[in-house]
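Notes to accompany the following structure.
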Amino acid sequence: MDTFNKAEITRRGLLAGTGALVVSFSVANALAQEPAQQPAAPAPAKPPALPGSLNTNRFLDSWIRIDADGAITVFTGKAELGQGIRAPLIQVAAEELNVEPKDITLIGPDTAQTPDEGFTAGSQSMQNSGTAIRNASAQVRELLIAQAATQWNLPAEQLKAEGKTIVAPDGRAIGYGALVANQFLHVEAQPQSRLKSPDQFSVIGRDLQRLDIPGKVTGGVAYVQDLKLDGMVHARVVRPPSYSATLKSLDAGAVEAMPGVISVVRDGNFLAVVAEKEYQAIKAMRALQTEAQWDEPANLPDQATLPSELVALEGDVGTVAESGTPSFPNGPTFEATFTRPYIMHGSIGPSCGIALMKDDGTMDVWSHTQGVFPDREAIAQMLGLPEDKVRVIHMEGSGCYGHNGADDAAADAALIASKIQGRPIRVQWMREQEHAWEPYGPGMVTKIRASVGPDGKIDNWTYDLWSNSHSTRPGDAGSLLAGRTKSNPTPLKPPKLSISPSGNGDRNADPLYAIQNRRILWHFLPEMPLRVSALRGLGAQPNVFSIESTIDELAIAAKADPVEFRLRHLTDNRAADVVKLAADKFGWGKSEVPRDHGVGFAFARYKNHAAYLAIALELSVEPETGRVRVIRAVSAIDSGQAVNPDGIRNQTEGGILQSISWTLYEAVTFDRTRITSTDWSNYPIMRFASVPDSVEVHVIDRPGAPFLGTGEAAQGPTSAAVANAIRNATGKRLFDLPLTRERLKAAIGA
């Protein structure tokens, strides 16, 4: 069988990508009689930019493998975190390879197998990984066609890919597996791909059931919490009672003698127990807690004055955006301060990690981390191992959407495993540990001043926010609890002010509306009194809550309908489309609102360059109790090309419900020493009885348009729509999240 070697395939790829192959060489120096002075070496040419994550993982076999039997494997560096990303990634590959989704096996993040795509964050999985996989699949399809064309001595344009085979006009067919040999796909991707046009799609755009559901509803191995390895033992970590506590003394003799206990591990302030069985480890952990004596200073702020405490922590100040010169003449002006408390990820399953130190000195770690490669880097540094000695394998965890305790649990297991070689160590956090030690979504303060001009449009806008970076994700050992509490600890790197197009604490701080005179400042907080990191949406939720609450107040001042007022300030047609669709499907303004009911509307484009989302909702208010219940919500979302519309709807529905919970219920509580919201009674979340009667999501498909991030688009608009509906129902504006019963009753004087 004729096969291409690597050079031949690369040449063919260049021809396909550029339409020409140029080869030049010089023999001048070879023919010269005297040595010629060597010219300075030219700077290496910058490689051409490639689509999505292909740009940093440039070889096709990083993404696609086809075995001799025709089996197709697709690799992604983006993790399944509950967002259902596996289905659309398979769909884009199946579409371009002209196979069915069932023909593809998807391998998720694994430092030994998959491309390095950093963190699964910012709703960028389809933009980065989906784009890379689609382009890689299209290029692989063309290579297979070219290989078959060479074997049959036929023009490539006469052949087509169909059902894992290449087919000729005369009916001849050859399977994908028969065309691959050696390193057939170990070629660099090209900047341009022959992508299928939307009118050719048979897989993209259709609903595909999530692949992870069967295991979750049948009790299968769905999460890392379910994983059982041969010889596995169980560990529990004894956390300090508070952030600044230090271990003063420990008498572990009685604990070491308990049934099943293998070891008590102490390394600085890191304290753990290992036992043969899980319940033995729990009993030993409780006993060890009573034996450990800690010094515990009281250095947390007063929660009652948290907003002023945060403002006082200001370090640098950066300008996020500005235009014109805000001057505030004597027209209608709205001015307010909004606050958000610290909030939790609140994972239903507490964090878990498993690690195995093998006899050859290498370590395997299973984790529900958002980034296997950064986590590997941090764990290797913590243990003093070369990175190539540590393998991190992603396995889904029970609850996440941000940087929760996943990386810490993995580091706990790795540190313990480094001291107990040859047996897998499973670390399962307890509920109180998850609530007390996970990194929270940061508390924030925003101040806004805005006015409406004689033409009924916003003419001046100033916005100040006090926040930190919203991310202390792994990358070095200081980001891990074990790395900071063991002997010779690694300190946490101080965050720095960094203003980027995607935004961090300042995400969505610049409204998408056309405002002639505006100034947005980020008052950066380099230190935070509570442990914080990335929570779904970063600063977008509190920023959109503040902005969209203000938009409603300005609409009232302008005597305008809230939807019409937004439309008069939107110059982006796609933004206007979601606003109009949500309002139309809700029936905005078409019926009387019952007594003690309110309707609210809000809009944002996530990060100002990802998905567009608008939402209208109706809620009821009980003045006597202060209880708020959202009755129905109707949203419209534009995520660009909709690969799996059902997945977009699922993500948006979930985001709406989570945001309602954040808005009405959730806040971390603490005293001057410790976190006090260590269980569900002290950290309430929305219960089933408070779920809306209906949640509608209408997807605007944009065939052929780039993928836009979906998973975090609903958080900010939903919070604002709830606040605006409460204002509509009661005539009172609430400024401090969460919008609790107590705050509502105080506002209305009940």
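Count the sequence shown with mature numbering (1 follows the signal peptide of the UniProt record, and there is no 0) and you get residues -32 to -1, 1 to 718, in order. Cβ atoms here follow ideal geometry from the backbone N, Cα and C, with glycine treated the same way. Keep in mind that this is a model prediction, so the values were computed, not measured.
Whether residue i touches residue j by CB criterion (7 Å)
{"i": "G236", "j": "S447", "result": "no"}
{"i": "G608", "j": "R670", "result": "yes"}
{"i": "I467", "j": "G286", "result": "yes"}
{"i": "A106", "j": "S21", "result": "no"}
{"i": "P275", "j": "T307", "result": "yes"}
{"i": "A682", "j": "I599", "result": "no"}
{"i": "S514", "j": "I416", "result": "yes"}
{"i": "L256", "j": "V233", "result": "no"}
{"i": "L112", "j": "L147", "result": "yes"}
{"i": "N298", "j": "S212", "result": "no"}
{"i": "G568", "j": "A418", "result": "no"}
{"i": "N372", "j": "S315", "result": "yes"}
{"i": "residue 724", "j": "G566", "result": "Nothing about residue 724 can be reported from this structure: the residues present for the chain run from -32 to 718 only."}
{"i": "T539", "j": "A482", "result": "yes"}
{"i": "K128", "j": "Y144", "result": "no"}
{"i": "V223", "j": "A243", "result": "no"}
{"i": "H491", "j": "W434", "result": "yes"}
{"i": "N485", "j": "N511", "result": "no"}
{"i": "G370", "j": "A502", "result": "yes"}
{"i": "L74", "j": "V108", "result": "no"}
{"i": "A377", "j": "W397", "result": "yes"}
{"i": "T631", "j": "S588", "result": "no"}
{"i": "residue 755", "j": "A141", "result": "This structure does not reach residue 755, given that the chain is present from -32 up to 718, and the question cannot be answered."}
Bridge partners - residue i, DSSP secondary structure assignment
{"i": "L215", "result": "W262"}
{"i": "K128", "result": "V135"}
{"i": "G286", "result": "W490"}
{"i": "G143", "result": "T133"}
{"i": "W434", "result": "V413, H491"}
{"i": "H666", "result": "A604"}
{"i": "W334", "result": "I322, I361"}
{"i": "F675", "result": "G608"}
{"i": "W429", "result": "A418, R486"}
{"i": "E156", "result": "F27"}
{"i": "V279", "result": "None; V279 has no bridge partner."}
{"i": "A17", "result": "A17 is not bridged to any residue."}
{"i": "F238", "result": "D235"}
Option nearest residue i by Cα separation, candidates the options
{"i": "I426", "options": "D520, A385, A346, C368", "result": "D520"}
{"i": "I347", "options": "R452, E560, R207", "result": "R452"}
{"i": "S649", "options": "G299, V192, A213, T637", "result": "T637"}
{"i": "L498", "options": "T644, S315, V561", "result": "T644"}
{"i": "D35", "options": "T641, F152, Y310, S629", "result": "F152"}
{"i": "L460", "options": "E495, E590, A289", "result": "E495"}
{"i": "V358", "options": "V340, G367, G672, T708", "result": "V340"}
{"i": "I134", "options": "L65, P159, D78", "result": "L65"}
{"i": "W429", "options": "S439, E634, S295, A551", "result": "S295"}
{"i": "F238", "options": "N618, R109, A450", "result": "A450"}
{"i": "P209", "options": "E259, I142, A225, Q193", "result": "E259"}
{"i": "residue 790", "options": "T41, I616, G365, D37", "result": "Outside the displayed range of the chain (-32 to 718) lies residue 790, so it cannot be described from this structure."}
{"i": "S30", "options": "S170, A157, W120", "result": "A157"}
{"i": "L353", "options": "D332, G370, H371", "result": "D332"}
{"i": "L585", "options": "A578, A604, A579", "result": "A604"}
{"i": "K216", "options": "Q261, T99, P469, P227", "result": "Q261"}
{"i": "residue 762", "options": "E592, G45, P613", "result": "Because the chain in this structure spans residues -32 to 718, residue 762 falls outside the shown range and cannot be described."}
{"i": "V171", "options": "A149, T186, A124, R102", "result": "R102"}
{"i": "V611", "options": "R536, V42, P166", "result": "P166"}
{"i": "A657", "options": "T305, F27, R597", "result": "R597"}
{"i": "K548", "options": "G505, V602, H577", "result": "V602"}
{"i": "L28", "options": "G443, T41, H154", "result": "H154"}
Subject >> Whole runs of the beta strand (DSSP E) within the segment 569 to 621, excluding any shorter than 3 residues >> reply: 580 to 589, 596 to 606
**OP:** Take every Cβ of the segment 381 to 401, pair it with every Cβ of the segment 315 to 324, and state whether three or more of those distances are shorter than 8 Å.
**Re:** yes
**OP:** Jot down the residue ranges of each uninterrupted alpha helix (DSSP H) in the segment 158 to 222, minimum 4 residues, whole runs only, in chain order.
**Re:** 181 to 186
Subject >> Ordered list of beta strand (DSSP E) runs contained in the segment 347 to 390, each at least 3 residues >> reply: 358 to 362
Original post:
What residue ranges within the segment 494 to 570 form continuous alpha helix (DSSP H) runs of no fewer than 4 residues, ordered along the chain?
Top reply: 508 to 525, 530 to 535, 541 to 554
**OP:** Could you say if the segment 87 to 96 and the segment 662 to 681 meet the contact criterion of at least three C-beta pairs nearer than 8 Å?
**Re:** yes
Subject >> Contiguous alpha helix (DSSP H) assignments of at least 4 residues, all confined to the segment 683 to 710 >> reply: 683 to 698
Original post:
Is there contact here, the segment 548 to 559 with the segment 657 to 670, by at least three beta-carbon pairs under 8 Å?
Top reply: yes
**OP:** State whether the segment 71 to 85 contacts the segment 329 to 344, with contact taken as three or more CB pairs (one from each stretch) at a distance under 8 Å.
**Re:** yes
**OP:** Would you check if the segment 360 to 376 and the segment 70 to 80 touch, i.e. whether three or more CB-CB distances between them fall below 8 Å?
**Re:** yes
Original post:
Is it a yes or a no for the segment 51 to 62 touching the segment 176 to 187, going by three-plus beta-carbon pairs under 8 Å?
Top reply: yes
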